[in-house]
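K.L.:
Those protein sequences? They're chains P and S, same order as listed.
Quick note on numbering: the first sequence equals residues 1 to 206 in my numbering.
Quick note on numbering: the second sequence equals residues 207 to 447 in my numbering.
Glycine is no exception: its CB is placed at the ideal position from the N, C-alpha and C atoms.
Can you read through this structure? Questions will come right after.
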Amino acid sequence: MEAVANKELETDIEKKDEDNQDQTPSLGKEATIEGLLYVAGEDGIKAARIAETLDITLEDTCVYLENIKKRYRDDSFGIELVDYGGTYKFLTKREIAPYVQKLLDLTRSSNLSQSALETLAIIAYKQPITRVEIEDLRGVGCDMMLRKLLARGLIQESGRSQAPGRPILYEVTDEFMDSFKLESLSDLPILPDYSTDEESESLFSE
Amino acid sequence: MAFEANIEQFSGPLDLMLHLIRENKLDIFDLDVVVLCDQYLEYLEKMQDLKLEIESEYLVELATLIEYKSKKLLPKNSAELEDDYKEDPKDALVKRLIEHQKYKEVSLKFQEAYSERLEQMAKPLSDVDNFRDDTDDVLYDGNSYELLKAMNRILRRLKLSRPVETKLAKKEISVDDRILVIKARLKDMNESFDFDVLIDDCHDLQGVVVTFLAVLDLIKDSLLNFKIGEDDHIYLKRSVN
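Given below as structure tokens:
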């Protein structure tokens, strides 16, 4: 049995070599993209890069990607395709998590502090924003917090403001988009609006 | 009313004020700064009683609150008010509090998304080293944070590539400890002996080095004398005293 399988494998490889020579993989584009995504793993790939690799248009690539996404959404798959921050990657579905923990004997640990979350929220909605502006909104110094967030790759510097002293501006990164399941900044939850007096009663009601 | 004060609970003075407003059922749009100021001060005093360190930001806001309060208590000069209109400092505070409340509320949604995302896992990039041409020079133009991120990723992968359960036992002995051990052993040994005898319980280079340093110390303290034999062995001899 095994020998037969090996033989088949060999002929497969030969076939693949031939294919490589005329640069036409016999698989469909969608399947090829699926394979690329599998290889890229957690790094993920941007749609533009896939289009470039397969030498197809960006529009076509997005159609293929949407197809794969739709296909994997089905309950018969344990993984799904996401494109948080415009980077496509395969992730296990959330429903798997309890079993993963059991299998590998894990306990959830790393979490972001309330201060970190608030700082990130302010930057995400107001970006690009300077440190002083963030501190004004939060009422506390943010120097260390910004450094921590920079080190975690959740925010990055994006040039300098025209204000006196030309302070550094900050914005969120693709890593932030991935960590908070955002496909684009327009996916941010809508900020609650308390400006009208009618709503004043609902504020703080528990 | 006994009440546990914990500064960690609040992400800043604005957060504390929001808590106090809620606690005392104040109307944020028609804020009673006097009550808020008193409560705020009381809270800081309680923290002080508990010997908790109060961050300077809390004091800055306290100063602002007291300024509002004192302005409110002083009789207003109406002519001046009309003459030179400025934004009511109270309104400015209310605006800040509301802004803060907005971000606080929305950060809960962020927290939710973050936890959800943690439950989804990806595979590392496949091993493609076999396809790579090592002779290519790789030019990299990233910043130090990208480098840090990349290094973290490497460390994480390294951790993943190890067996799930590993036990590493490393025994570190200090020179001082070693001296004590050797001193104890000296009593039961011949007056002169080979250095090799002392290292027969050492399993690694570190042990040998520490033993050697310990012996040097003992020689310095004239507890031992030494002689290098023709066979390049170190012979040690106990001192008479």
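With DSSP as the reference, please indicate the residues paired to Thr169 of chain P in a beta bridge.
P.N.:
Position check: residue 169 of chain P holds Leu in this sequence, whereas Thr was assumed. In DSSP, Leu169 of chain P forms a bridge with P:Thr130.
K.L.:
Give me the subset of the region 314 to 329 of chain S whose CB atoms are less than 9 Å from a CB atom of chain P, sorted by chain position.
P.N.:
Within the region 314 to 329 of chain S, the qualifying residues are Leu314, Lys315, Phe316, Gln317, Ala319, Tyr320, Ser321, Glu322, Arg323, Leu324, Glu325, Gln326, Met327, Ala328, Lys329.
K.L.:
Taking Cβ positions only, does Pro192 of chain P come closer than 8 Å to chain S?
P.N.:
With 8 Å as the cut-off, Pro192 of chain P counts as an interface residue toward chain S.
K.L.:
Should Phe180 of chain P be labelled buried (16 or more other beta-carbon atoms within 10 Å of its own) or exposed?
P.N.:
Result: buried.
K.L.:
From the DSSP output, in three-state form, read off Asp92 of chain P for me.
P.N.:
Note that residue 92 of chain P is Thr in the sequence shown, not Asp. Strand, per DSSP.
K.L.:
So, does the CB of Tyr351 of chain S fall closer than 8 Å to a CB anywhere in chain P?
P.N.:
It does; some Cβ of chain P falls within 8 Å.
K.L.:
By Cβ distance below 6 Å, which residues in the same chain neighbour Val240 of chain S in space, the five residues on each side in sequence not counted?
P.N.:
Correct list, in chain order: Lys275.
K.L.:
Quick check: is the beta carbon of Val381 of chain S nearer than 8 Å to any beta carbon in chain P?
P.N.:
For Val381 of chain S, the answer is no, since every Cβ of chain P falls outside 8 Å of its Cβ.
K.L.:
Can you tell which of P:Leu169, P:Gly28, P:Gly85, P:Leu36 has its C-alpha closest to the C-alpha of Leu182 of chain P?
P.N.:
Comparing Cα-Cα distances from Leu182 of chain P to each of P:Leu169, P:Gly28, P:Gly85, P:Leu36, the minimum goes to P:Gly85.
K.L.:
Between Gln317 of chain S and Leu117 of chain P, which are expected to be in contact by the criterion C-beta below 8 Å, what is the C-beta distance as a whole number of angstroms?
P.N.:
Going by Cβ atoms, the distance from Gln317 of chain S to Leu117 of chain P rounds to 6 Å, so yes, they are a contact pair.
K.L.:
Considering Cα atoms alone, identify which of P:Val82, P:Ala163, P:Asp75, P:Arg73 is closest to Ala47 of chain P.
P.N.:
If we check each option's Cα against that of Ala47 of chain P, P:Val82 comes out closest.
K.L.:
Between Thr92 of chain P and Gly41 of chain P, what straight-line distance do the alpha-carbon atoms span, to the nearest angstrom?
P.N.:
Whole-angstrom Cα-Cα distance: 11 Å.
K.L.:
How big is the Cα-Cα spacing for Thr130 of chain P and Met145 of chain P?
P.N.:
Roughly 13 Å between the two C-alpha positions.
K.L.:
Would you mind reading off the limits of the beta strand (DSSP E) that contains Arg160 of chain P?
P.N.:
Unbroken beta strand (DSSP E) run through Arg160 of chain P: 155 to 160.
K.L.:
Considering only C-alpha positions, which residue in the set P:Tyr64, P:Ala31, P:Tyr99, P:Leu65 is nearest to Gly78 of chain P?
P.N.:
That would be P:Tyr99, whose Cα lies nearest to the Cα of Gly78 of chain P.
K.L.:
Grab me the residues of Lys277 of chain S's own chain with a C-beta within less than 8 Å of its C-beta, minus the 5 sequence neighbours each way, in chain order.
P.N.:
Around Lys277 of chain S: Pro295.
K.L.:
Can you find at least 3 beta carbon pairs, one from the region 51 to 60 of chain P and one from the region 132 to 143 of chain P, that sit closer than 8 Å?
P.N.:
At 8 Å Cβ cutoff, the stretches do not touch.
K.L.:
Is Lys355 of chain S close to chain P? Criterion is C-beta to C-beta, closer than 8 Å.
P.N.:
Lys355 of chain S counts as touching chain P.
K.L.:
Quick one: give me the first and last residue of the beta strand (DSSP E) that Tyr84 of chain P is part of.
P.N.:
That residue, Tyr84 of chain P, is in no beta strand (DSSP E); it is neither H nor E in DSSP.
K.L.:
Let me know if Pro164 of chain P comes out buried or exposed under the rule of 16 or more other beta-carbons within 10 Å of its beta-carbon.
P.N.:
Pro164 of chain P is exposed by the Cβ-count criterion.
K.L.:
Count Cβ pairs between the region 383 to 391 of chain S and the region 416 to 424 of chain S that sit closer than 8 Å; are there 3 or more?
P.N.:
Yes: the two stretches touch, three or more of their Cβ pairs being nearer than 8 Å.
K.L.:
Got a sec: is the Cβ-Cβ distance from Ile304 of chain S to anything in chain P below 8 Å?
P.N.:
So yes, Ile304 of chain S belongs to the interface.
K.L.:
Would you say Phe176 of chain P and Ile155 of chain P are within 8 Å of each other, going by their C-beta atoms?
P.N.:
For Phe176 of chain P and Ile155 of chain P, yes; Cβs fall inside 8 Å.
K.L.:
Could you tell me the alpha carbon to alpha carbon distance between Glu311 of chain S and Glu305 of chain S, rounded to whole angstroms?
P.N.:
Spanning the two alpha carbons is a distance of roughly 10 Å.
K.L.:
Starting from the C-beta of Val300 of chain S, find all residues in its chain whose C-beta is less than 8 Å away, skip the five residues before and the five after it, and write them out in chain order.
P.N.:
So the qualifying residues of the chain are Ile234, Phe235, Leu237.
K.L.:
So with CB distances below 8 Å, who are the chain S contacts of Ile122 of chain P?
P.N.:
Tyr309, listed in chain order.
K.L.:
Measure the C-alpha to C-alpha separation of Ile134 of chain P and Tyr170 of chain P and round it to an integer number of angstroms.
P.N.:
Answer to the nearest angstrom: the Cα atoms are 10 Å apart.
K.L.:
Would you please verify whether the beta carbon of Tyr107 of chain P is less than 8 Å from any beta carbon of chain S?
P.N.:
The sequence shown places Thr at residue 107 of chain P, not Tyr. No, Thr107 of chain P does not count as interfacial toward chain S.
K.L.:
Rank P:Asp74, P:Tyr88, P:Asp75 by C-alpha distance to the C-alpha of Tyr64 of chain P and give the top, closest one.
P.N.:
Checked all of P:Asp74, P:Tyr88, P:Asp75; the closest Cα to Tyr64 of chain P is P:Tyr88.
K.L.:
Would you kindly work out how many angstroms separate the C-alpha atoms of Glu259 of chain S and Leu250 of chain S, rounded to a whole number?
P.N.:
C-alpha separation (whole angstroms): 10 Å.
K.L.:
The alpha helix (DSSP H) spanning Lys443 of chain S covers which residue range?
P.N.:
No alpha helix (DSSP H) contains Lys443 of chain S, which is instead part of the beta strand (DSSP E) from 440 to 444.
K.L.:
Do you know how far the Cα of Arg160 of chain P is from the Cα of Gly28 of chain P?
P.N.:
Going by the C-alpha atoms only, they are around 47 Å apart.
K.L.:
Within a Cβ cutoff of 6 Å, which residues of the same chain sit near Leu137 of chain P, ignoring the five residues on either side of it in sequence?
P.N.:
Result list for Leu137 of chain P: Ile122, in chain order.
K.L.:
Assuming Asp400 of chain S is part of the beta strand (DSSP E), what are its boundary residues?
P.N.:
Per DSSP, Asp400 of chain S belongs to the beta strand (DSSP E) from 398 to 400.
K.L.:
Using DSSP's beta-bridge definition, name the partner residues of Met79 of chain P.
P.N.:
As written in the sequence, residue 79 of chain P is Ile, which differs from the Met given in the question. Its beta-bridge partners are P:Thr92.
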